[in-house]
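Numbering (the UniProt record's numbering), first residue to last: 1 to 381. Note that the Cβ used here is the ideal one computed from N, Cα and C, for glycine as well. Values in this document were obtained by computation on a predicted structure and should not be read as measured data. Shown next, in structure tokens, is the structure this report addresses.
The following block contains the structure:
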């Protein structure tokens, strides 16, 4: 059947077996097809350079299946126009493996209702189908609770100063931070300002950090190394009551941090390291689209940016890193990795200024007058 040579497989075709049956996915067009083994057998003909290798089917069956595959974009006719951007993404992103371009294409150009009538209809359908919203906070205060100080007003600090002075810090002293410092950072990162009840989406929390649809999936887990008034160990921050819950006391958290951060020893003297997790069900409850996976990461970034800026306002050094062992964090925190997953790591502490400023500094061409810029120090700043 030489005529089959005119077709080739869509470059973004992915086959999975979620229920033991093959599913064909075309992320570029957001379509999934559940098929049987006969279709997979036909597809295998096009994964070989020799399409003359015919399966044990009649020519009429092969023709029928091929026509359906072409109609649904799984097979591409070489003589027709095809979106070369898809092919280029798959090819150019190979170093990131298939999961990267699959997720990108699957979540790209998601459809949103633009008319008021359509939005109201969607809300009405949402209200009929959805169960009550998941709780917007995680609390273990009935087990144990360490009340944190009321957050400071920080009236002598400006946002511009934080912008100019924020630098990633890799040299921390062993001096403890105050409990007030920790309370300020946690509150201005993930504390609750107020809540309000909505007609369709239940009670939503408002925080200093923005969140997609007000779902606030992020939870914060401080790993305390040196903080006045606290034992060394693993904690959870209860945003509802502005309190800490001790998950596990440890005499020294540095060996654990060294392991979970892949040996990044320049972070070990940080007074407190914070693990960010996402409670997926909070987002999934409102957004039944894979684009919400993007939102998880964007939301984490919002929280982390607040963390960095408030640390800078308190004259503390800070860092963020994505180099961590997700599974080790999830096991340590006692979370399942299904409904709640590890997302990010940041840390704070007092800065060591015993090194000279780097000599290769070149200032930007447009800077505000009279504002101090904190310059990097040492080789790893």
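Skipping 5 residues on each side, what residues in its chain have a beta carbon closer than 6 Å to that of residue i?
{"i": "residue 372", "result": "none"}
{"i": "residue 374", "result": "165 and 167"}
{"i": "residue 180", "result": "149"}
{"i": "residue 239", "result": "137, 190, 191 and 192"}
{"i": "residue 253", "result": "223, 225 and 232"}
{"i": "residue 22", "result": "15, 35 and 40"}
In chain order, what residues of the same chain lie with their CB nearer than 8 Å to the CB of residue i, ignoring the 5 residues before and after it?
{"i": "residue 102", "result": "12, 14, 25 and 27"}
{"i": "residue 119", "result": "113"}
{"i": "residue 47", "result": "9"}
{"i": "residue 196", "result": "203, 204 and 206"}
What do you get for residue i, buried or exposed, if any count of 16 or more other CB atoms within 10 angstroms of its CB means buried?
{"i": "residue 278", "result": "buried"}
{"i": "residue 340", "result": "buried"}
{"i": "residue 94", "result": "exposed"}
{"i": "residue 366", "result": "exposed"}
{"i": "residue 336", "result": "exposed"}
{"i": "residue 170", "result": "buried"}
{"i": "residue 222", "result": "buried"}
{"i": "residue 3", "result": "exposed"}
{"i": "residue 214", "result": "buried"}
{"i": "residue 262", "result": "exposed"}
{"i": "residue 353", "result": "exposed"}
{"i": "residue 61", "result": "exposed"}
{"i": "residue 36", "result": "exposed"}
{"i": "residue 323", "result": "exposed"}
{"i": "residue 259", "result": "exposed"}
{"i": "residue 368", "result": "exposed"}
{"i": "residue 255", "result": "exposed"}
{"i": "residue 363", "result": "exposed"}
{"i": "residue 219", "result": "buried"}
{"i": "residue 303", "result": "buried"}
{"i": "residue 110", "result": "exposed"}
{"i": "residue 359", "result": "exposed"}
{"i": "residue 84", "result": "exposed"}
{"i": "residue 184", "result": "buried"}
Could you check which residue in the options has the C-alpha nearest to that of residue i?
{"i": "residue 216", "options": "93, 334 and 193", "result": "193"}
{"i": "residue 361", "options": "311, 376, 369 and 79", "result": "376"}
{"i": "residue 34", "options": "44, 97 and 19", "result": "19"}
{"i": "residue 70", "options": "128, 86 and 42", "result": "42"}
{"i": "residue 104", "options": "116, 89, 238 and 83", "result": "89"}
{"i": "residue 143", "options": "184, 244 and 199", "result": "244"}
{"i": "residue 385", "options": "293, 129 and 272", "result": "Because residue 385 is not part of the residues shown, which for the chain are 1 to 381, the question remains open."}
{"i": "residue 153", "options": "3, 247 and 187", "result": "187"}
{"i": "residue 39", "options": "29, 66 and 30", "result": "66"}
{"i": "residue 106", "options": "117, 86 and 115", "result": "86"}
{"i": "residue 280", "options": "300, 264 and 265", "result": "300"}
{"i": "residue 209", "options": "298, 342 and 322", "result": "298"}
{"i": "residue 275", "options": "332, 78, 108 and 7", "result": "332"}
{"i": "residue 74", "options": "329, 241, 266 and 7", "result": "7"}
{"i": "residue 249", "options": "97, 230, 241 and 64", "result": "230"}
{"i": "residue 108", "options": "141, 326 and 291", "result": "291"}
{"i": "residue 343", "options": "295, 370, 198 and 57", "result": "295"}
{"i": "residue 63", "options": "80, 78 and 45", "result": "45"}
How far does the beta strand (DSSP E) with residue i in it extend, from its first residue to its last?
{"i": "residue 227", "result": "Neither: residue 227 is in no beta strand (DSSP E) and is coded neither H nor E."}
{"i": "residue 241", "result": "No beta strand (DSSP E) holds residue 241; DSSP gives it neither H nor E."}
{"i": "residue 341", "result": "340-349"}
{"i": "residue 278", "result": "272-279"}
{"i": "residue 77", "result": "75-77"}
{"i": "residue 205", "result": "202-206"}
{"i": "residue 15", "result": "14-16"}
For residue i, I'd like the list of residues in its chain whose CB is within less than 7 Å of its CB, leaving aside the five on either flank, ordered along the chain.
{"i": "residue 176", "result": "226, 227, 228 and 271"}
{"i": "residue 82", "result": "76"}
{"i": "residue 200", "result": "123, 126 and 127"}
{"i": "residue 329", "result": "260, 275 and 342"}
Could you spell out where the alpha helix (DSSP H) holding residue i opens and where it closes?
{"i": "residue 188", "result": "179-190"}
{"i": "residue 127", "result": "116-129"}
{"i": "residue 383", "result": "Missing from the structure shown is residue 383; the chain here goes from 1 to 381 and no further."}
Any beta-carbon of chain B closer than 8 Å to the one on residue i?
{"i": "residue 168", "result": "Absent here is chain B; the protein component of the structure consists of one chain."}
Worksheet item: Using 8 Å as the threshold, is the segment 318-326 in touch with the segment 227-238, meaning 3 or more CB pairs across them?
Response: no
Practice prompt. Would you check if there are 3 or more beta carbon pairs closer than 8 Å linking the segment 305-313 to the segment 150-162?
Written response: yes
Worksheet item: For the segment 263-276 against the segment 342-349, are there 3 or more C-beta pairs whose distance is under 8 Å?
Response: yes
Worksheet item: For the segment 279-291 against the segment 123-135, are there 3 or more C-beta pairs whose distance is under 8 Å?
Response: yes
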